[in-house]
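J.: Residue numbers (the numbering used here), protein chains in the order written: chain A, 1 to 319; chain H, 1001 to 1274.
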Amino acid sequence: MSAQAETTSGAGEQAVVRNGVTIDPTFAEAFPMKATRVLITAHNDTWARNAAVAMTGFATSVIACGCEAGIERMLAPNETPDGRPGAAVLLFSMSGKELAKQLERRVGQCVLTCPTTAVYAGLEDGEAVALGKNLRFFGDGWQISKMIDGKRYWRVPVMDGEFVAQETTAVVKAVGGGNLLLLARDTDAALAGAEAAVEAMRAVPGVIMPFPGGVVRSGSKVGSKYASLMASTNDAFCPALIPLAKKTELDAGTRCVMEIVIDGLTEADVSAAMRAGIEAIVARGGEAGVTRISAGNYGGKLGPFHFHLHKLLGAGAIV
Amino acid sequence: MSAAQGFRLRLRAQPDFRVDLSPLQPAALAGRDVGQVARLELRHANAHVELGELFDVDALSSEAPELRIEGDLRRFDRIGQGMDGGRLSVTGDVGDYLGAAMRSGDIVVEGRAGQLAACEMAGGRLEVRGDVGDFAAGALPGSMDGMRGGTLIVHGNAGVRFGDRMRRGTVLLLGDAGDFCASRMVAGTIALAGLVGAHCGYGMRRGTLVFAGPAPDVPATFGGTNHDIRVIWALLSRSLAGLHPVFQSLPGRAPRRVVGDLAADGKGEWLIAG
């Protein structure tokens, strides 16, 4: 599930059409989150990726995963503190406390355990939370602290040598829940468009698309007829419910909708990623099958960050 | 006279006895005028003397707190003791306790320093272009902990008990060290480019000695480990390489590691890259 609700259009605004793609006069509504970046390095790119993939597993939505996480990008040796290949990982959660918990669990179970890895803070400024600070106790007294250039590292003896972890990383305020809805004529077109958009968005620094492959097919609305559920299927965007739901946003030609959810370190990062996604879809053109771009919001009443699609259009050089 | 951020002190006459220069703090003197600085009282044996009786004082056009002291200051102790910010430079040799317990700021001495230089230093940067005497980077007499932060760079040689009981911080010694270097060391890093005397690492509990020059004789109370230390070595060697060109080649080397002092149940390490 993603945490998006129905789409609310701006009063009196008209949809615009670019290269055969209709862009709705609506906005994505996003929320404040807490985030951190960690850098994982390893003996080679494969093992860095293995650790990063494991650490960011089961982290698609805060609804049930505790955090949203993803690989921001892979790092060349000259970009990492120890000169080895690495991965930059972003973690987002609704509170600093939950983020700290998830970080420690995930680094402890997925990075400490992964052959040859080391882990470092990926942000300099912000509230410090434990990275290797508590994991060091795995060393059972054999761990060693090393202060280098004002940063404390823990060296924990393990069977392949030693696990090096910086003591803390920084937590900053961030933005979660930016989104695009891609309305397409069929599944093939929707997937191809979503993949192209995600590829373009991954080039933007400071963001992750936490769902599988960056894409979510089960967009959700807040609430449910079942009291125990806090979210349920976004019926207004389900092609199966066009003739059934009280309100639908789809026409008969739309047979498949995909959503891309974006979490970013700043509002500007989320804007840039959404713009990159829209540009990628527009560049492919409506003929490619994604005929409309929309976004999910809660009427603007819940989240303080509003990403108006038409404003994004105006800010970028979209065809 | 107008207030200034920095001052130059030129030694006019040698004192009859040793003088305590610890009141000369760049940050504390910033904003005063030359007259006020010249009237500063200094301890001179069991009496006091005004600074102006021993030094010519000029204002500098510095924008940040700064002191420049010129002359043979071997009878002047505690220069920069407890210093907390600013810059202090000395052209000439200095007495004992140079930079003792300093917390921040920069001290540069173009000459030799006496005993107990940088003892219990907690922060900042202290550079001595000549030799340092005994107990540098160590503990004050009767104290349990030696240097506990900051960076000390010694271009010349060091006396005995260099880094004794050192607890934190980084020390670079470009020359040779005397006997009992890093004895009872608790933590921190000492990088050595020269030779070491007898009983190096005696009673060492933790901390790191990096030997960039000649390989030392490893005592029987130290044992080798052969595991992969490339990660921590990359972090440490790059840091040391950035501190002084003598250590610039360290990142390309693969050091041997021994640990001890096992006689004291220690977990200190020697990284022998020479």
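Where is the CB? At the ideal position from N, CA and C, for every residue including glycine.
(1) Suppose the cutoff is 7 Å on Cβ atoms and the five residues either side in sequence are ignored; what does the same chain contact list for R1032 of chain H look like?
(2) If contact means a Cβ-Cβ distance below 7 Å, which residues of the region 1038-1057 of chain H contact chain A?
(3) Decide if the region 169-177 of chain A is in contact with the region 253-263 of chain A; the criterion is three or more beta carbon pairs, one per stretch, under 8 Å apart.
(4) In terms of alpha-carbon separation, which member of A:H310, A:G299, A:F307 and A:A236 lies closest to K247 of chain A?
(5) Measuring only between beta-carbons, confirm whether V204 of chain A sits less than 7 Å from chain H.
(6) Enumerate in chain order the residues of its own chain whose CB-to-CB distance from M1 of chain A is below 7 Å, with the five nearest sequence positions on each side excluded.
(7) Have a look at A:R18, A:T26 and A:Q166 and flag the residue whose alpha-carbon is nearest the alpha-carbon of N297 of chain A.
(8) Would DSSP call S9 of chain A helix, strand or coil?
(9) By the DSSP assignment, the beta strand (DSSP E) with M274 of chain A in it spans what residues?
(10) Could you name the residues of the region 1157-1172 of chain H whose beta carbon sits closer than 7 Å to any beta carbon of chain A, in the order they occur along the chain?
(11) Sorted by chain position, which residues of the same chain lie with C-beta nearer than 6 Å to D269 of chain A's C-beta, five sequence neighbours on each side aside?
(12) Run through chain A and tell me which residues come within less than 8 Å of L1244 of chain H, C-beta to C-beta.
(13) DSSP has S1061 of chain H in a bridge; who is on the other side?
(14) With a cut-off of 7 Å, does the C-beta of Q4 of chain A fall near any C-beta of chain H?
(15) May I ask you to verify whether the region 1013-1026 of chain H touches the region 1067-1082 of chain H, counting CB pairs closer than 8 Å and requiring at least 3?
(16) Taking A1264 of chain H as the query, report the chain A residues whose CB atoms sit under 8 Å from its CB, ordered along the chain.
(17) Closer than 7 Å by C-beta to R1012 of chain H: which residues in its own chain qualify, once you throw out the five before and the five after it? Chain order, please.
(18) Please report the residue range of the beta strand (DSSP E) in which R1010 of chain H lies.
(19) Classify A118 of chain A as helix, strand or coil using the three-state DSSP reduction.
(20) Compare the C-alpha of L99 of chain A against each of A:T56, A:F138, A:C114 and A:D140 and name the closest.
(21) If you run the structure through DSSP and keep just helix, strand and coil, what is Q109 of chain A?
(22) Terminal residues of the continuous alpha helix (DSSP H) containing S61 of chain A?
(23) Can you tell me whether A1101 of chain H is buried or exposed? The criterion is at least 16 other CB atoms within 10 Å of its CB, across all chains shown.
(24) With respect to the alpha helix (DSSP H) encompassing D263 of chain A, which residues constitute its N-terminal and C-terminal limits?
(25) Please state the DSSP three-state secondary structure of V1109 of chain H.
(26) In the DSSP output, what is N179 of chain A paired with across the bridge?
(27) Can you look up R18 of chain A in the DSSP assignment and give me helix, strand or coil?
(28) Compare the C-alpha of A1047 of chain H against each of H:V1160, H:D1016 and H:A1028 and name the closest.
(29) On the three-state DSSP scale, how would you describe E199 of chain A?
(30) Where does G1035 of chain H sit, in a helix, a strand or coil, going by DSSP?
(31) Given a limit of 7 Å on CB to CB distance, which residues of the region 87-118 of chain A reach chain H?
(32) Run down chain A in chain order and give the residues with a C-beta less than 7 Å from the C-beta of A1234 of chain H.
(33) Out of curiosity, what's the CA-to-CA distance linking G1250 of chain H and F1007 of chain H?
(34) Specify the secondary structure class of L302 of chain A as computed by DSSP and reduced to three states.
(35) What does the alpha-carbon distance come out to for the pair D1084 of chain H and A130 of chain A?
(36) What residues are listed by DSSP as bridge partners for W1270 of chain H?
T.: Result, derived from the coordinates:
(1) Excluding residues within five positions, the ones whose Cβ falls inside 7 Å are A1003.
(2) Listed by position along the chain: nothing, the set is empty.
(3) Of all C-beta pairs linking the region 169-177 of chain A to the region 253-263 of chain A, three or more are shorter than 8 Å, placing the two stretches in contact.
(4) The shortest C-alpha separation from K247 of chain A is found at A:A236.
(5) So, not an interface residue.
(6) Confidence is the limiting factor: at M1 of chain A the pLDDT is only 44, short of 50, which leaves the residue's position unreliable and the question unanswerable from this model.
(7) The option with the nearest alpha carbon to N297 of chain A is A:T26.
(8) Interpretation of S9 of chain A is limited by its pLDDT of 48, a score under 50 that renders its predicted location unreliable; the figure taken from the coordinates is listed afterwards. If DSSP states are grouped into helix, strand and coil, S9 of chain A belongs with the strands.
(9) That residue, M274 of chain A, is in no beta strand (DSSP E); its alpha helix (DSSP H) goes E267 to R284.
(10) Going along the region 1157-1172 of chain H in chain order, one finds R1168 with a Cβ nearer than 7 Å to chain A.
(11) Within the same chain, and ignoring the five residues on either side of D269 of chain A in sequence, the residues whose Cβ sits closer than 6 Å to its Cβ are G206 and V207.
(12) In the sequence under discussion, the amino acid at residue 1244 of chain H is His, which differs from the Leu named in the question. The contacting residues do not exist; H1244 of chain H stays about 14 Å from chain A at best.
(13) DSSP output for S1061 of chain H lists no bridge partner at all.
(14) Confidence is the limiting factor: at Q4 of chain A the pLDDT is only 42, short of 50, which leaves the residue's position unreliable and the question unanswerable from this model.
(15) Yes, the region 1013-1026 of chain H is in contact with the region 1067-1082 of chain H.
(16) The contacting residues do not exist; A1264 of chain H stays about 16 Å from chain A at best.
(17) Cβ neighbours of R1012 of chain H beyond the five flanking positions: L1054, F1055 and D1056.
(18) Start and end: G1006 to L1011.
(19) Correct three-state label for A118 of chain A: strand.
(20) When each option's Cα is compared against that of L99 of chain A, the closest is A:T56.
(21) Helix at Q109 of chain A.
(22) Counting along the chain, S61 of chain A falls outside any alpha helix (DSSP H), and DSSP gives it neither H nor E.
(23) It counts as buried.
(24) Careful: D263 of chain A lies outside any alpha helix (DSSP H), inside the beta strand (DSSP E) at C256 to G264.
(25) Correct three-state label for V1109 of chain H: strand.
(26) As computed with DSSP, N179 of chain A is found in a beta bridge with A:V261.
(27) In the structure shown, R18 of chain A falls within a strand segment according to DSSP collapsed to helix, strand and coil.
(28) The residue with the shortest Cα to Cα distance from A1047 of chain H is H:D1016.
(29) Note: E199 of chain A maps to helix in three-state DSSP.
(30) Helix.
(31) Contact residues of the region 87-118 of chain A toward chain H are A118 (C-beta to C-beta distance below 7 Å).
(32) Going along chain A in sequence order, the residues near A1234 of chain H (Cβ under 7 Å) are D82 and G83.
(33) In the sequence under discussion, the amino acid at residue 1250 of chain H is Leu, which differs from the Gly named in the question. Each residue's Cα considered, the two are about 39 Å apart.
(34) Residue state, collapsed to three classes: coil.
(35) Going by the C-alpha atoms only, they are around 29 Å apart.
(36) According to DSSP, W1270 of chain H bridges with H:L1209 and H:V1258.
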